[in-house]
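These notes concern the structure reproduced below.
Number of protein chains: 2
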Amino acid sequence: MRKDAERNRAAILATAARLIAEHGPDGFSMEDVAAAAGVGKGTVFRRFGDRDGLVRAVVDETSQSWRAESAALLEADDVPADERVITFVATLFDHVIAALPLVTALERVSSRSIACDSNSDLTHHRLAALIAQVRPGADAEFLAHALLAQLRADVLRHLVHQCGLGVPRVRAGVISLARGVLAGDLEHAGGSATMPRL
Amino acid sequence: MRKDAERNRAAILATAARLIAEHGPDGFSMEDVAAAAGVGKGTVFRRFGDRDGLVRAVVDETSQSWRAESAALLEADDVPADERVITFVATLFDHVIAALPLVTALERVSSRSIACDSNSDLTHHRLAALIAQVRPGADAEFLAHALLAQLRADVLRHLVHQCGLGVPRVRAGVISLARGVLAGDLEHAGGSATMPRL
DNA sequence: ACTCAAACGGACTGACGGTCCGTTTCTTGT
DNA sequence: ACAAGAAACGGACCGTCAGTCCGTTTGAGT
Numbered sequence: 663m664r665k666d667a668e669r670n671r672a673a674i675l676a677t678a679a680r681l682i683a684e685h686g687p688d689g690f691s692m693e694d695v696a697a698a699a700g701v702g703k704g705t706v707f708r709r710f711g712d713r714d715g716l717v718r719a720v721v722d723e724t725s726q727s728w729r730a731e732s733a734a735l736l737e738a739d740d741v742p743a744d745e746r747v748i749t750f751v752a753t754l755f756d757h758v759i760a761a762l763p764l765v766t767a768l769e770r771v772s773s774r775s776i777a778c779d780s781n782s783d784l785t786h787h788r789l790a791a792l793i794a795q796v797r798p799g800a801d802a803e804f805l806a807h808a809l810l811a812q813l814r815a816d817v818l819r820h821l822v823h824q825c826g827l828g829v830p831r832v833r834a835g836v837i838s839l840a841r842g843v844l845a846g847d848l849e850h851a852g853g854s855a856t857m858p859r860l
Numbered sequence: 663m664r665k666d667a668e669r670n671r672a673a674i675l676a677t678a679a680r681l682i683a684e685h686g687p688d689g690f691s692m693e694d695v696a697a698a699a700g701v702g703k704g705t706v707f708r709r710f711g712d713r714d715g716l717v718r719a720v721v722d723e724t725s726q727s728w729r730a731e732s733a734a735l736l737e738a739d740d741v742p743a744d745e746r747v748i749t750f751v752a753t754l755f756d757h758v759i760a761a762l763p764l765v766t767a768l769e770r771v772s773s774r775s776i777a778c779d780s781n782s783d784l785t786h787h788r789l790a791a792l793i794a795q796v797r798p799g800a801d802a803e804f805l806a807h808a809l810l811a812q813l814r815a816d817v818l819r820h821l822v823h824q825c826g827l828g829v830p831r832v833r834a835g836v837i838s839l840a841r842g843v844l845a846g847d848l849e850h851a852g853g854s855a856t857m858p859r860l
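Protein chains in written order, with our numbering: chain A, 663 to 860; chain B, 663 to 860.
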């Protein structure tokens with residue numbers, strides 16, 4: 663890859679990430695990105711194909727560290743399976759909350775949850791495998807999806823901002839729900855609004 | 663309201679509903695609707711304001727019978743609360759599945775689930791009240807949202823079409839999840855792929 | 001029939017995603 | 001160092017579409 667191409671690529675990704683964070687998932691046009699990055703519009707399209715490609719690239723870039731971390735987590739055989747699931751859910755929750763506009767943009771273009779897009783279907787499979795391990799006999803594949811559905815950016819935004827439940831309360835609820843799914847009961851579900859340390 | 667205005671209103675709503683059903687949530691333009699309904703573009707905008715308004719009007723129209731039915735259901739004091747919740751969830755599931763493109767269009771426009779938009783926040787409150795009744799001490803408001811989140815059109819479309827779980831399996835899963843939420847346990851969750859009669 | 005407010009309709013505008021192609025810039029072989 | 005060609009650049013250009021505007025038509029009350 664040519665040096666100027668690489669430089670522009672980085673500039674475009676950084677600019678797009680900033681614009682999405684600042685102006686929301688719809689608050690930018692391709693021309694905005696090009697201009698703010700100091701390149702021509704054609705360059706953006708040449709590199710990323712189309713709007714969706716750009717958003718996906720930004721997400722890939724931004725979430726790389728988190729994805730590696732969570733993949734490692736799901737495979738850490740020295741930790742009990744149920745604990746791995748809970749930690750994974752909590753981590754993903756934090757990640758989505760921290761990057762709400764970006765993840766929302768991703769969902770708009772691919773209509774899939776962040777942990778379930780084509781290049782990380784693996785995540786879903788691993789999660790389902792863990793759930794199957796903890797709760798043999800259950801429809802683990804479905805349950806994994808059910809957990810991930812709670813972590814969709816638009817769902818979380820709705821709960822936190824439109825419904826006015828705060829982040830801590832939603833976080834506690836999601837984690838309790840995950841505990842319930844794993845334990846086969848929901849004794850802890852929503853029992854308190856305090857925020858578990860994890 | 664003038665006679666021609668009423669006639670056009672009905673024609674536009676019917677046409678829009680048909681186009682959405684046939685070509686998906688994005689497969690139509692305002693001009694398409696106007697032309698197919700045999701009216702001018704200006705008429706569509708005059709009546710419905712903008713694209714979002716049109717979609718909302720179509721949903722309102724289409725879902726009226728269902729909304730009345732489900733409202734009555736949630737208030738039927740002669741039926742046990744838990745059973746009312748399950749029936750509500752099952753009914754809503756069927757409704758969303760039957761009108762996937764339309765409900766998807768609504769969610770794109772208002773980014774809210776069908777049972778939780780401004781004119782039927784009531785639904786959510788009633789559902790939460792029922793859950794609170796069955797499971798005092800739990801965060802019923804959150805749990806109601808959690809159940810409704812499972813019934814979002816994009817979530818269901820993802821599960822059914824992209825992930826290849828069939829409608830019966832997802833239906834069973836959703837209902838089991840609801841049972842689990844109500845019972846404080848998930849013994850039934852995903853236990854089988856058969857479709858409960860309700 | 002007369003009037004006029006309400007409704008109509010389609011030309012027009014502005015914004016935006018995406019394409020095209022003449023120009024510039026990096027790289028590589030000599 | 002230089003030439004040559006491939007790769008990348010950039011912005012003018014195009015088609016589409018939501019939304020506006022205004023001259024024309026139509027229905028309802030008198």
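In this text, a Cβ means the ideal position worked out from N, Cα and C, and glycines have one as well.
Quantities reported herein were computed from a predicted structural model and do not represent experimental measurements.
With a Cβ-Cβ cutoff of 9 Å, do residue 864(B) and residue 762(B) count as a contact? Chain B is shown from 663 up to 860; residue 864(B) falls before or after that span and cannot be answered.
Going by DSSP in three states, residue 722(B) sits in which element: helix, strand or coil? helix
Residue 804(B) versus residue 790(B) - alpha carbon distance: 8 Å
Flag this pair as touching only if the stretch 739 to 753 of chain A and the stretch 682 to 702 of chain A have three or more C-beta atom pairs under 8 Å; answer yes or no. no
Okay, do the stretch 822 to 839 of chain A and the stretch 678 to 687 of chain B touch, 3+ Cβ pairs below 8 Å being the bar? no
From the beta carbon of residue 757(B), is the nearest beta carbon of chain A less than 9 Å away? no
Tell me the residue span of the alpha helix (DSSP H) that contains residue 804(B). 802 to 812
Flag residue 768(B) as yes if its beta-carbon sits less than 9 Å from any beta-carbon of chain A, otherwise no. no
Using a C-beta to C-beta distance shorter than 8 Å, which residues of chain B count as neighbours of residue 688(A)? Here the premise fails: no neighbours, minimum Cβ distance about 11 Å.
Let's test the definition: count the other Cβ atoms within 10 Å of the Cβ of residue 663(A) and tell me whether it reaches 16, buried, or not, exposed. exposed
Which residue from 666(B), 829(B), 820(B) puts its Cα closest to that of residue 769(A)? The closest CA to that of residue 769(A), considering only 666(B), 829(B), 820(B), is found on 820(B).
Contained beta strand (DSSP E) runs [length at least 3] in the stretch 689 to 736 of chain B, N- to C-terminal order: none
Do the CB positions of residue 765(A) and residue 721(A) come within less than 9 Å of each other? Yes, the pair counts as a contact, with Cβ atoms nearer than the cut-off.
For residue 693(B), which residues of its own chain have a beta-carbon under 8 Å away from its beta-carbon, when the five flanking residues on both sides are left out? 703
Own chain, CB closer than 8 Å to residue 748(B), minus 5 neighbours either side, in chain order: 837, 840, 841, 844, 860
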